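Counting from 22, one number per residue, gives the positions in the sequence shown under this note's numbering. For each residue, glycine too, the CB sits at the ideal point set by N, CA and C. Here the structure is a predicted model, which means the values were calculated and not measured. Okay, so here's the structure we're looking at.
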Amino acid sequence: MIVESNVPLQPYNSFGIVARAQHLARIAGEADLAALHADPAWRDAPRFVLGGGSNIVLTGDVKSLVLKVEIKGLRLLEETPRAWIVEAGAGETWHDAVEWMVRNGYPGLENLALIPGTVGGSPVQNIGAYGVELQDRFDSLDAFDLETGRSFTLDAAQCAFGYRDSVFKHVRSGPNDFGLAGKAVITRVRFRLPKPWKAVVGYLDLERKMEETGNFTPSAQDIFDWICAIRRAKLPDWRVLGNAGSFFKNPTVTPEQCADIIARDPKIVHYPMDDGSIKLAAGWLIDACGWKGKSVGNAGVYERQALVLVNRGGRENPVTGGEVMTLAKAIQTSVYERFGIRLEPEPVVV
Ligand code: EPU
Numbered sequence: 022m023i024v025e026s027n028v029p030l031q032p033y034n035s036f037g038i039v040a041r042a043q044h045l046a047r048i049a050g051e052a053d054l055a056a057l058h059a060d061p062a063w064r065d066a067p068r069f070v071l072g073g074g075s076n077i078v079l080t081g082d083v084k085s086l087v088l089k090v091e092i093k094g095l096r097l098l099e100e101t102p103r104a105w106i107v108e109a110g111a112g113e114t115w116h117d118a119v120e121w122m123v124r125n126g127y128p129g130l131e132n133l134a135l136i137p138g139t140v141g142g143s144p145v146q147n148i149g150a151y152g153v154e155l156q157d158r159f160d161s162l163d164a165f166d167l168e169t170g171r172s173f174t175l176d177a178a179q180c181a182f183g184y185r186d187s188v189f190k191h192v193r194s195g196p197n198d199f200g201l202a203g204k205a206v207i208t209r210v211r212f213r214l215p216k217p218w219k220a221v222v223g224y225l226d227l228e229r230k231m232e233e234t235g236n237f238t239p240s241a242q243d244i245f246d247w248i249c250a251i252r253r254a255k256l257p258d259w260r261v262l263g264n265a266g267s268f269f270k271n272p273t274v275t276p277e278q279c280a281d282i283i284a285r286d287p288k289i290v291h292y293p294m295d296d297g298s299i300k301l302a303a304g305w306l307i308d309a310c311g312w313k314g315k316s317v318g319n320a321g322v323y324e325r326q327a328l329v330l331v332n333r334g335g336r337e338n339p340v341t342g343g344e345v346m347t348l349a350k351a352i353q354t355s356v357y358e359r360f361g362i363r364l365e366p367e368p369v370v371v
């Protein structure tokens, strides 16, 4: 196990921000994690787990030991009358894993095609798009405990999934908390893909595709292709224009708060939730404040989706984490001043 020093992180974050890792270890399997744990030089060092780098803002060099997860492997683990169970290494590229499953006849994750990042990052923020969330197709995961040096398995309940949230985003602050941020590395994820497969096409963009094509009984491959087309039309490809996907979570408000906003802004995009709360489209709120297409330094608001902040300086003159956060704060302030709503960033700020 080699620990590299002074490693450039620009290739490893989807914003394309320039920063360095003081120390970085490439993790190809549990044995590498065990070796680090056994080494007194590294056992107690603060660590930062890096997956696909598609949901982070680097605001400076990283002093913690960066664990770059590169664990590979994709296989059908089990097939029962009710589901396919597929296991994937945490370092697999998310989109490639989804494509592999759809191609090989294990459908169920097609609505989550083209989400950047790795398999290991998918449970951390319970990725979701077009009517499907990871937790709907999750079986269990294996992780390595950086404190004890032991591997363990978690089921869905133990992952405490929420909207763009899980136990891996929380720091343990008391004896009853179960936060695992910085304490565990996800090594493998198992997906439970229910049989018989059913298309999830309730989302407006997918209904439009059915109308357009006249195909009202799409296969998983059709949905996969539609999702790729929808995302390509609306969201920037981070390889061309650096970004970290949606920069803010869609906020939830009480029906009273929502009624108050509707009275002032009748066009506000809102969705009632099962628990009685109302989810607002953060992209709409930001757009309504006039941010679409605006920039602060090299940090910009994407022209076609105001929820996405982009790197306007490319690889040569890239945005800094500071510029991204300055723009994010300016957006938060104007949305708060106009709507009284505090937007919460989605990416992890490092
Ligand atoms: N809208 C605007 N202006 C904008 C952007 C959006 O008016 O600039 C309106 C849209 O017209 C639409 C509504 O806001 O009526 C919602 O927009 P969209 O359908 O694009 O979805 P979103 O709520 O902005 C969420 C996820 C995305 C996911 C899409 C599709 C969050 C924070 N984002 O975006 O996830 O792909 O739904 O399911 O929940 C991500 O998390 O990185 C991500 C891209």
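Host alpha helix (DSSP H) of residue i (start-end)
i    : result
T234 : 225–234
R124 : 115–124
A309 : 303–309
Closer than 6 Å: residue i CB and nearest ligand 1 heavy atom
i    : result
E305 : In the sequence as displayed, the identity of residue 305 is Trp instead of Glu. Result yes, Cβ under 6 Å from ligand 1.
L201 : no
D157 : no
S316 : no
K270 : yes
Y151 : yes
L98  : no
A302 : yes
S85  : no
R119 : The amino acid occupying residue 119 in the given sequence is Val; Arg does not appear at that position. Because no heavy atom of ligand 1 lies under 6 Å away, the Cβ of V119 does not count as near it: no.
D286 : no
G266 : yes
D308 : yes
L45  : no
L328 : yes
V372 : As shown, the chain starts at 22 and ends at 371. That puts residue 372 outside it, with no answer to give.
V290 : yes
Buried versus exposed call for residue i [16 or more other C-beta atoms within 10 Å across all chains shown]
i    : result
P272 : buried
A164 : buried
Y292 : exposed
I352 : buried
M294 : exposed
Q242 : exposed
N34  : buried
L54  : buried
A40  : buried
K89  : buried
V370 : exposed
R333 : buried
A309 : buried
G195 : exposed
A205 : buried
S267 : buried
S75  : buried
P368 : buried
G335 : exposed
G138 : buried
F360 : buried
F36  : buried
E344 : buried
P215 : exposed
T341 : buried
Start-to-end residues for the beta strand (DSSP E) that takes in residue i
i    : result
Q156 : Element bounds for Q156: n/a, residue is neither H nor E.
L30  : Careful: L30 lies outside any beta strand (DSSP E) and carries neither H nor E.
V39  : Looking at the DSSP string, V39 is not in any beta strand (DSSP E), and its letter there is neither H nor E.
V290 : No beta strand (DSSP E) contains V290, which DSSP labels as neither H nor E.
V371 : Neither: V371 is in no beta strand (DSSP E) and is coded neither H nor E.
G361 : Segment: none, G361 is in no beta strand (DSSP E) and carries neither H nor E.
G314 : Where G314 is concerned, there is no enclosing beta strand (DSSP E), given that its DSSP letter is neither H nor E.
- Task: Mind listing, in chain order, the continuous beta strand (DSSP E) runs of no fewer than 3 residues lying wholly within the region 162–234?
- Result: 172–176, 205–215
- Sequence ranges, beta strand (DSSP E) only - wholly within the region 324–356, length at least 3: 329–332
- Task: Any chance you could list the beta strand (DSSP E) runs of at least 3 consecutive residues sitting entirely within the region 247–284, in chain order?
- Result: 264–267
- For the 8 Å Cβ check, are there 3 or more pairs between the region 228–236 and the region 149–159? no
- Inter-stretch contact (C-beta, 8 Å, three-pair minimum) for the region 44–64 and the region 98–107: no
- Message: Threshold first: 4 residues or longer. Then list the alpha helix (DSSP H) segments lying entirely within the region 60–143, N to C.
- Response: 115–124
- Item | Meets three-Cβ-pair contact criterion under 8 Å: the region 205–219 and the region 105–116 | yes
- Query: Pairing CB atoms from the region 339–349 with CB atoms from the region 46–59, are three or more of them under 8 Å?
  - Reply: no
- Please confirm if the region 114–121 is in contact with the region 176–192, defined as three or more CB-CB distances below 8 Å between the two stretches. no
- Message: For the region 139–146 against the region 256–265, do three or more pairs of beta-carbon atoms, one drawn from each stretch, fall closer than 8 Å, so that the two count as touching?
- Response: no
- Please confirm if the region 128–137 is in contact with the region 237–252, defined as three or more CB-CB distances below 8 Å between the two stretches. yes
- Inter-stretch contact (C-beta, 8 Å, three-pair minimum) for the region 78–95 and the region 184–199: no
- Query: With a cut-off of 8 Å, do at least 3 Cβ pairs link the region 324–341 to the region 297–313?
  - Reply: yes
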